[in-house]
Amino acid sequence: MKHFFTGLLLALLLGLAARKAHAQTKLVLPQVSPAVTIRQAFSTSFVELRYCRPSLKGRQAFGGLVPYGQVWRTGANTATKIRLGEAMQVGGQAVPAGTYSLFTIPGKTDWTIILNRDTAQWGAYEYNQQLDVVRIIAHATMLAVPHESLTLTLENVRPTAADLTLSWEHTQVSISLLAHPDALILNQIQEAMQGEKKPYFTAALYYYHSNQPNLTPAVGWLDAFLKAHLDSASDQYEGYYWKAKLLQKQGKKQEAVAAARQSLQWIKADKNEVAKAEYTLLNQQLLSEVGAKL
């Protein structure tokens, strides 16, 4: 009988524990200020933003919900974070690669944008100015159409430049991001050219697009690329086209014309009609630019 009551008591306790655990099941509810992560390929690495997006919900954002003249977490919940995959200039100031809290001080006309080393705090309650990496003054502009939710974006993205833009309510603020990867890439090219698989084509295009002062090595790399890909019509007409572009940039018009005509000859052997049409047009444009007959 004693064992019976002991077993019954144990069963009751287990049942109560199960019901309690069930009653404490975590509820999954919509986030009041949803978290978002943005990762943008930029220069030779990336820029990443992590923040929570508050919404107006009938409230006044700046000068109301967010006071003027006070340090703001630039979002909701934990402090907004920006991660730079490489060293770059932020608002014209040099910033090493790394992760930083993105604080701001909103103003009616001008804002202070702050990158701070403390990335482990909730809000801006323990903000320490001594940990600032940079402070940037940015002018606020008015939006004709209001933004209901805070939005951080990377706009006007180019290979090595972009604008970090904040938009909320009728306010928009932007600061520039500018990378300088040239020295790094040139070193990479120099090292790669010592290896077995040399990136002739990619290196030549980088020289062209980055406006290197001496394009002669790039022309030589394309010659090596063409020699190594004699069995590929597409590689031949692409290689000769970019060789023509490099020679055009060097002011060698006659050599550029010869390379463009070589490209047009190789195009005839390709079965891809879309590619044929595209590169035919590109070569014709180049020939027109240097004053050659089509």
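What the sequence shown shows, in mature numbering (1 follows the signal peptide of the UniProt record, and there is no 0), is residues -23 to -1, 1 to 271, in sequence order.
The beta carbon of each residue, even a glycine, is placed where N, CA and C say it ideally should be.
Source: prediction; values computed, not measured.
Please check the pair residue i and residue j, which I expect to be a contact at CB under 8 Å, by giving their CB distance rounded to whole angstroms.
{"i": "residue 88", "j": "residue 117", "result": "6 Å"}
{"i": "residue 211", "j": "residue 181", "result": "Residue 211 to residue 181, Cβ: 16 Å. No contact."}
{"i": "residue 101", "j": "residue 48", "result": "5 Å"}
On the CB-based measure, 16 or more other CB atoms within 10 Å of its CB, does residue i come out buried or exposed?
{"i": "residue 216", "result": "buried"}
{"i": "residue 188", "result": "exposed"}
{"i": "residue 135", "result": "exposed"}
{"i": "residue 44", "result": "exposed"}
{"i": "residue 193", "result": "exposed"}
{"i": "residue 52", "result": "buried"}
{"i": "residue 264", "result": "buried"}
{"i": "residue 266", "result": "exposed"}
{"i": "residue 99", "result": "exposed"}
{"i": "residue 38", "result": "buried"}
{"i": "residue 225", "result": "buried"}
{"i": "residue 199", "result": "buried"}
{"i": "residue 15", "result": "exposed"}
{"i": "residue 260", "result": "buried"}
{"i": "residue 26", "result": "buried"}
{"i": "residue 241", "result": "buried"}
Straight-line CA distance for residue i to residue j?
{"i": "residue 157", "j": "residue 165", "result": "14 Å"}
{"i": "residue 104", "j": "residue 150", "result": "22 Å"}
{"i": "residue 54", "j": "residue 13", "result": "12 Å"}
{"i": "residue 73", "j": "residue 65", "result": "7 Å"}
{"i": "residue 222", "j": "residue 110", "result": "43 Å"}
{"i": "residue 69", "j": "residue 201", "result": "40 Å"}
{"i": "residue 228", "j": "residue 205", "result": "27 Å"}
{"i": "residue 108", "j": "residue 92", "result": "9 Å"}
{"i": "residue 239", "j": "residue 214", "result": "7 Å"}
{"i": "residue 179", "j": "residue 155", "result": "22 Å"}
{"i": "residue 177", "j": "residue 234", "result": "22 Å"}
{"i": "residue 131", "j": "residue 262", "result": "33 Å"}
{"i": "residue 249", "j": "residue 243", "result": "12 Å"}
{"i": "residue 94", "j": "residue 106", "result": "10 Å"}
{"i": "residue 203", "j": "residue 71", "result": "41 Å"}
{"i": "residue 46", "j": "residue 133", "result": "29 Å"}
{"i": "residue 186", "j": "residue 3", "result": "54 Å"}
{"i": "residue 75", "j": "residue 230", "result": "46 Å"}
{"i": "residue 271", "j": "residue 169", "result": "38 Å"}
{"i": "residue 33", "j": "residue 42", "result": "9 Å"}
{"i": "residue 245", "j": "residue 268", "result": "23 Å"}
{"i": "residue 40", "j": "residue 161", "result": "45 Å"}
Between the options, which lies nearest to residue i when the distance is taken from Cα to Cα?
{"i": "residue 190", "options": "9, 79 and 159", "result": "159"}
{"i": "residue 153", "options": "123, 67 and 241", "result": "67"}
{"i": "residue 77", "options": "71, 69 and 96", "result": "96"}
{"i": "residue 114", "options": "131, 3, 90 and 186", "result": "90"}
{"i": "residue 148", "options": "126, 11, 102 and 155", "result": "126"}
{"i": "residue 79", "options": "50, 233, 184 and 234", "result": "50"}
{"i": "residue 57", "options": "35, 120, 33 and 11", "result": "11"}
{"i": "residue 208", "options": "247, 198 and 183", "result": "247"}
{"i": "residue 236", "options": "169, 245 and 196", "result": "196"}
{"i": "residue 35", "options": "128, 94, 123 and 262", "result": "123"}
{"i": "residue 129", "options": "167, 31, 249 and 241", "result": "31"}
{"i": "residue 184", "options": "119, 163 and 168", "result": "163"}
{"i": "residue 18", "options": "137, 270, 232 and 33", "result": "137"}
Closer than 8 Å is the cut-off here; do at least three beta carbon pairs connect the stretch 69 to 85 with the stretch 165 to 183? When Cβ pairs closer than 8 Å are counted between the two stretches, the stretch 69 to 85 is seen not to touch the stretch 165 to 183, the count staying below three.
Take every Cβ of the stretch 57 to 77, pair it with every Cβ of the stretch 14 to 28, and state whether three or more of those distances are shorter than 8 Å. Three or more beta-carbon pairs separated by less than 8 Å link the stretch 57 to 77 to the stretch 14 to 28, which places the two stretches in contact.
Using 8 Å as the Cβ pair cut-off and three pairs as the minimum, do the stretch 216 to 233 and the stretch 242 to 261 touch? Verdict: yes, contact present.
When you compare the stretch 3 to 11 with the stretch 136 to 143, are there three or more beta-carbon pairs, one atom per stretch, that lie closer than 8 Å? Between the stretch 3 to 11 and the stretch 136 to 143 there are fewer than three C-beta pairs closer than 8 Å, too few to call the two in contact.
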